[in-house]
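Undergrad: My questions will all concern the structure given below.
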Amino acid sequence: MSDPIIRLLTVDDLADAFRLSTIVGWNQRLDDWRILLRIAPGAAFAADIDGRIAATAIAIDYGRFWWIAMMLVDPSYRRRGLGRRLLETAVAAVPTDLPIRLDATALGRPLYLQYDFEDESTISRHVWSGGPAIGPAPGALNSGVDVRPMRSSDLAAISEQDKTSFGGDRAAVLEWALHDAPHFAHVVYTSDAPAHYCFGRRGRLFDQIGPVVAGDERIAQVLAGAALASAADRPVVVDAFDQHSAFSAWLRNRGFAVQRPLIRMRRRAKVNGSRTAVASGSIAEFAILGPEFG
Ligand SMILES: CC(C)(COP(=O)(O)OP(=O)(O)OC[C@H]1O[C@@H](n2cnc3c(N)ncnc32)[C@H](O)[C@@H]1OP(=O)(O)O)[C@@H](O)C(=O)NCCC(=O)NCCS
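Take 2 as the starting number for the sequence shown in my numbering and just add one per residue.
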């Protein structure tokens, strides 16, 4: 093979990047690549071999931490050091005083372990493979929780609260999700919390519900149930944190099957030679937006 050139990914590359994520069976649409490039200006990278995109990695600045996404190497170029080079390039784009997080597949984890990433929590992909509507049966959500579709005017309060539950600022992504898939987005207001909320996204192969952020399991189920009731007749995925076992059990009871694990990993910030812990977050996050976004 010709020597790969590691360079910035540009708008002109997106069709080829989309080809790459499609051949490995990932769920991104061209639109997902567009938003990823938009939120990671100057930190989206590609390995270019003879004018084709052979590998990608994207580093997203979420304020209090960075996120590494789309670590992807063309199957015909694996185990030749491309993943390592792309990861090093993405990590080098992150200021050393900030931590990095990512959601690792079983294939990616051995590589990340070599770069000081540590396991932080586990996530399971729950898949519902399509069929008749799986939303709540009439009366089934007789829970006393008042859930309603989200409006643009809810976003400011939700984004502010999300900084605590997620631990970083992903307001631009949440705004995009609401705009792109408004039917999934729902909100619950209670007197003891600013907002509980749920978003979703459309995908190439399946739709995804998340993030689901709530004060307790019951509200999380009501939010996810409302989103599911709005799902079209196509597969739906929920990547749920395993620590919320009642939420996972509820998904299984609704007909979801557990497909594969993801490991949330973090690399602590390097400050004065020692690595500092990531700010706490995610305690009320039941399901993630997706491994590309956190
Ligand atoms: C994970 C991935 C990006 C690695 O890319 P790669 O170019 O093959 O990785 P490298 O050649 O740079 O490997 C670097 C090191 O990582 C480790 N590694 C990479 N692939 C591995 C595998 N399949 N099993 C065990 N270790 C592996 C090895 O230590 C390897 O060094 P070595 O080849 O000298 O032993 C690639 O397998 C891939 O695209 N997988 C599918 C998409 C995916 O799951 N991405 C991760 C998302 S979190």
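We put the beta carbon where it would ideally sit given N, CA and C, even for glycine.
Everything numeric in this text was worked out from a predicted model, so none of it was measured.
Note down the Cα distance separating F248 from V25, rounded to an integer number of angstroms.
TA: In a straight line, the C-alpha of F248 is about 30 Å away from that of V25.
Undergrad: Please tell me whether S77 has its Cβ less than 9 Å away from any Cβ of chain B.
TA: Here chain B cannot be found, since the structure has a single protein chain.
Undergrad: What residue does the alpha helix (DSSP H) around E161 start on, and which one ends it?
TA: Segment 156-167, the alpha helix (DSSP H) holding E161.
Undergrad: Under three-state DSSP, which class holds I289?
TA: Residue state, collapsed to three classes: coil.
Undergrad: With 16 as the cutoff for other CB atoms within 10 Å, does L290 come out buried or exposed?
TA: Answer is buried; the Cβ neighbour count reaches 16.
Undergrad: Taking Cβ positions, are S125 and A241 nearer each other than 9 Å?
TA: Yes, Cβ-Cβ distance for S125 and A241 is below 9 Å.
Undergrad: According to DSSP, is D223 part of a helix, a strand, or is it coil?
TA: The sequence given here has Val at residue 223, not Asp. Of the three classes helix, strand and coil, the one that applies to V223 here is helix, per DSSP.
Undergrad: P139 by DSSP, collapsed to three states: which one?
TA: Its pLDDT being 45, under 50, P139 is placed unreliably by the model, and the measurement read from it follows with that caveat. Coil.
Undergrad: Mind reading off the beta-carbon distance from L229 to Y198? Whole number of angstroms is fine, and I expect it under 8 Å.
TA: The pair is not a contact, with the Cβ atoms about 15 Å apart (cut-off 8 Å).
Undergrad: Put S231 into one of helix, strand or coil per three-state DSSP.
TA: Of the three classes helix, strand and coil, the one that applies to S231 here is coil, per DSSP.
Undergrad: On the criterion of 16 or more Cβ atoms from any shown chain inside 10 Å, does Q209 qualify as buried, or is it exposed?
TA: Classification of Q209: buried, given that the 10 Å Cβ count is 16 or more.
Undergrad: Give every residue of the same chain whose Cβ lies closer than 6 Å to the Cβ of G84, excluding the five residues on either side of it in the sequence, and list them in chain order.
TA: If we look at G84 and ignore the five residues flanking it on each side, its Cβ neighbours are V74, L112.
Undergrad: Looking at A198 and ligand 1, is the gap between the Cβ and the nearest heavy atom below 8 Å?
TA: Checking the sequence, you will find Tyr at residue 198 rather than Ala. No, ligand 1 has no heavy atom inside 8 Å of this Cβ.
Undergrad: How about the segment 260-267 and the segment 144-154: do they share at least three Cβ pairs that are nearer than 8 Å?
TA: As far as the Cβ criterion goes, the segment 260-267 does not touch the segment 144-154, which means the pair count is below three.
Undergrad: For A250 and A215, I'd like the C-alpha separation in whole angstroms.
TA: The alpha-carbon atoms of A250 and A215 are separated by roughly 17 Å.
Undergrad: Put W251 into one of helix, strand or coil per three-state DSSP.
TA: Three-state DSSP puts W251 in a helix.
Undergrad: In this structure, does DSSP put G282 in helix, strand or coil?
TA: Confidence in G282 is poor, its pLDDT being 42 and thus under 50, which makes the residue's placement too unreliable to answer from.
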